[in-house]
Amino acid sequence: MSSQWIAAIVTSLACYALKFIGHAIPEIWLSHPRVQRITNLVPIVLLSSLVAMQAFTTKTKFMVDHRLAGIAVALLALKAKLPFPVVVIGAMATSAIVYRLKI
Amino acid sequence: MSVKRDSLSVGLAVGAAGVAFGAVAVADHFSVAQACFLSLVLFSGASQFSLVAVMSSGGSALSAIVTGTFLGGRNGLYGVRMAQILKLKGWKRALAAQITIDESTGVAIAQSELEDQKTAFWYTGFGVYVFWNLFTLLGAVGAKAIGDTSAWGLDVASPAIFCAVLFPRLKERKMLIASVLAFIWALSITELVPAGVPIISTVFIAALVGWK
């Protein structure tokens, strides 16, 4: 079995288990304010570092390229409160244009 | 009834992003079957994109599993909240768990009446599920005809989506500080540690910023 299949199956099982446990967990366990503050921040830090990796690295090496233009447009579109599809398509189109111009 | 209509339109809008997942997955050397499996069974956008991204950037299956599972962790926290609203047992609880994601929880808790909260959860959850899977298949099959994905901007689809997810939450000062620190931290250590570690290791930043 390929490593992709192993990762897909194990992550699926683990993530479903987490969802199910969430539904079954006694509320009192998570009621401490510190636990709540930290658990609220966990998705934020994970997603932020994921954006950094996806937009500014290539094979774990730091790399600034056409993707920067796409991300910049996404942030501007978000700032202008444009709808979600416009944000994503705008970012993709910009990145693609910059990429093609360089070639 | 507008709760149902709103829920389904969120389902369609968010589900359409599945086309990006399908295309990105195939571009990153996953098969069409693997892309569809992830959308059907894992069904958690952030975890799906991260799993594919970590492995395509040279990470091991283990680091992909750990990162994907960490990112899926917040669905568990949504589950805690939804359980109080839905009060389910047995197979219905098992089914609700699978569609417990950002959108179903978000639209549900935006309603003021208990019955509307329940309706919003199920309609949004199933709406996203159906469209996300449909569009994943389209994206995965279409990607093969596309070729060089950078020339179509597919390499920024997923980070742009995460920017959109993060953006509204960064109005809170602590969220903003944690986000910026995590961003800088990950880029600072990326050349020093194995793929996946720059992401997982930011959990310490959450603990640090959230401590007081």
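Quick note, the sequences are listed as chains A and B, same order. One point on numbering: in this note's numbering, the residue at position 45 of the first sequence is 61, and numbering is uninterrupted. One point on numbering: in this note's numbering, the residue at position 85 of the second sequence is 190, and numbering is uninterrupted. Glycine residues also receive a C-beta, built at the ideal position from the N, C-alpha and C atoms. Treat the numbers as computed from the prediction; the structure is a model and nothing was measured.
Residues bridged to residue i [DSSP beta-bridge criterion]
i	result
Thr73 of chain A	A:Phe78
Below-7 Å beta-carbon distance, residue i vs any chain B residue
i	result
Leu10 of chain A	As shown, chain A starts at 17 and ends at 119. That puts residue 10 of chain A outside it, with no answer to give.
Leu94 of chain A	yes
Ala23 of chain A	yes
His39 of chain A	yes
Ile60 of chain A	yes
Leu46 of chain A	yes
Closest residue to residue i among the options (Cα-Cα distance)
i	options	result
Thr210 of chain B	B:Ala188, B:Trp196, B:Leu193 and B:Lys194	B:Ala188
Val67 of chain A	B:Ser263, B:Thr295 and B:Met280	B:Ser263
Ala300 of chain B	A:Leu29, A:Pro42 and A:Lys77	A:Lys77
Leu219 of chain B	B:Ala265, B:Arg186, B:Ala312 and B:Trp237	B:Arg186
Gly38 of chain A	B:Ala169, B:Ile170, B:Arg274 and B:Ala201	B:Ala201
Thr27 of chain A	B:Ala130, B:Gly163, B:Leu117 and B:Ser168	B:Ser168
Phe36 of chain A	B:Ala250, B:Ala287 and B:Trp196	B:Trp196
Ala93 of chain A	A:Phe72, A:Gln52 and A:Met108	A:Met108
Phe309 of chain B	B:Leu286, B:Gly244, B:Gly184 and B:Glu296	B:Leu286
Chain A contact for residue i (CB, 7 Å cutoff)
i	result
Ala132 of chain B	no
Ile266 of chain B	yes
Leu117 of chain B	no
Ile304 of chain B	yes
Gln139 of chain B	yes
Phe226 of chain B	no
Asn238 of chain B	no
Burial state of residue i (16 or more Cβ within 10 Å)
i	result
His48 of chain A	exposed
Arg278 of chain B	exposed
Trp45 of chain A	exposed
Met79 of chain A	exposed
Leu117 of chain A	exposed
Val104 of chain A	buried
Asp253 of chain B	exposed
Phe154 of chain B	buried
Arg110 of chain B	exposed
Pro273 of chain B	exposed
Pro303 of chain B	buried
Gly123 of chain B	buried
Secondary structure of residue i, DSSP reduced to three states
i	result
Ser155 of chain B	helix
Thr172 of chain B	helix
Phe148 of chain B	coil
Val235 of chain B	helix
His39 of chain A	helix
Trp316 of chain B	coil
Gly258 of chain B	coil
Pro101 of chain A	helix
Any non-hydrogen atom of the ligand FAD within 6 Å of residue i CB
i	result
Gln139 of chain B	Questions concerning the ligand FAD fall outside what the structure shown contains, since it holds no ligand whatsoever.
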